[in-house]
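Heads up: take any position in the sequence shown, counting from 1, add 48, and you land on our numbering.
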Amino acid sequence: FFWSAKRKIDFVCAASDRLEVERPNSKLVMEYENYMGRQQELWNWSVRLDEHLMEDLMHHRMYCFNSARALIRVMRNKSSHYYDLDPMVREALGEYPDKFYAYFDSRFPSLFICTYEFIRCTCASEPALRPYFVDILYD
Numbered sequence: 049f050f051w052s053a054k055r056k057i058d059f060v061c062a063a064s065d066r067l068e069v070e071r072p073n074s075k076l077v078m079e080y081e082n083y084m085g086r087q088q089e090l091w092n093w094s095v096r097l098d099e100h101l102m103e104d105l106m107h108h109r110m111y112c113f114n115s116a117r118a119l120i121r122v123m124r125n126k127s128s129h130y131y132d133l134d135p136m137v138r139e140a141l142g143e144y145p146d147k148f149y150a151y152f153d154s155r156f157p158s159l160f161i162c163t164y165e166f167i168r169c170t171c172a173s174e175p176a177l178r179p180y181f182v183d184i185l186y187d
């Protein structure tokens, strides 16, 4: 429901890009983390990931496993580099985009919709995010 898997991935990537330009202790990032912190599934999210994906993550950068912003960064980075990933990681994530999205959605069912709601309330009118909210902005 809502959008296709590809559009949901694109939105999460756009949201991640928007949050990445902020300092970790900025008001927007702190509000996002507080809002997302209500979702228990996001606490220590690393335990929900496949071991091959975790190994891959540890080779590229350090992630804060209690940060929703870090989790959407993982989704963005793996989406952007999907075809460069180790075959075992691609197998774990599944075919892009449908199974890839399903991988994250099955482990973090509130990640997309809560990120959507947060961005809708804070950044929907910004140029990079406006296309995802055109229906509600101009009704």
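The C-beta atom is built at its ideal place from N, Cα and C for all residues, glycine as well.
So, is residue i buried or exposed, given that buried needs 16 or more other C-beta atoms within 10 angstroms?
i      : result
Asp187 : Residue placement at Asp187 is poorly supported in this model, since its pLDDT is 44, which falls under 50; the coordinates still yield a value, given next. Flag for Asp187 reads exposed.
Trp91  : exposed
Lys75  : exposed
Arg109 : exposed
Met106 : exposed
Tyr149 : buried
Asp183 : exposed
Relative to the C-alpha of residue i, which residue among the options is closest?
i      : options                    : result
Asp58  : Thr170, Arg168, Phe160     : Phe160
Ala176 : Ala62, Ser115, Gln87       : Ala62
Asp193 : Asp183, Asn82, Glu139      : Because residue 193 is not part of the residues shown, which for the chain are 49 to 187, the question remains open.
Asn82  : Tyr149, Met110, Thr163     : Thr163
Val77  : Glu89, Met123, Ala118      : Ala118
Asn125 : Val60, Trp51, Val69, Ala53 : Val60
Would you kindly work out how many angstroms separate the C-alpha atoms of residue i and residue j, rounded to a whole number?
i      : j      : result
Arg168 : Glu174 : 10 Å
Tyr180 : Ala172 : 8 Å
Asp65  : Ser154 : 23 Å
Pro72  : Tyr80  : 11 Å
Arg55  : Tyr151 : 15 Å
Met136 : Gln88  : 28 Å
Checklist line | Runs of alpha helix (DSSP H) lying entirely within the region 152-176, each at least 4 residues, in chain order | finding: Here the runs fully enclosed are 159-170.
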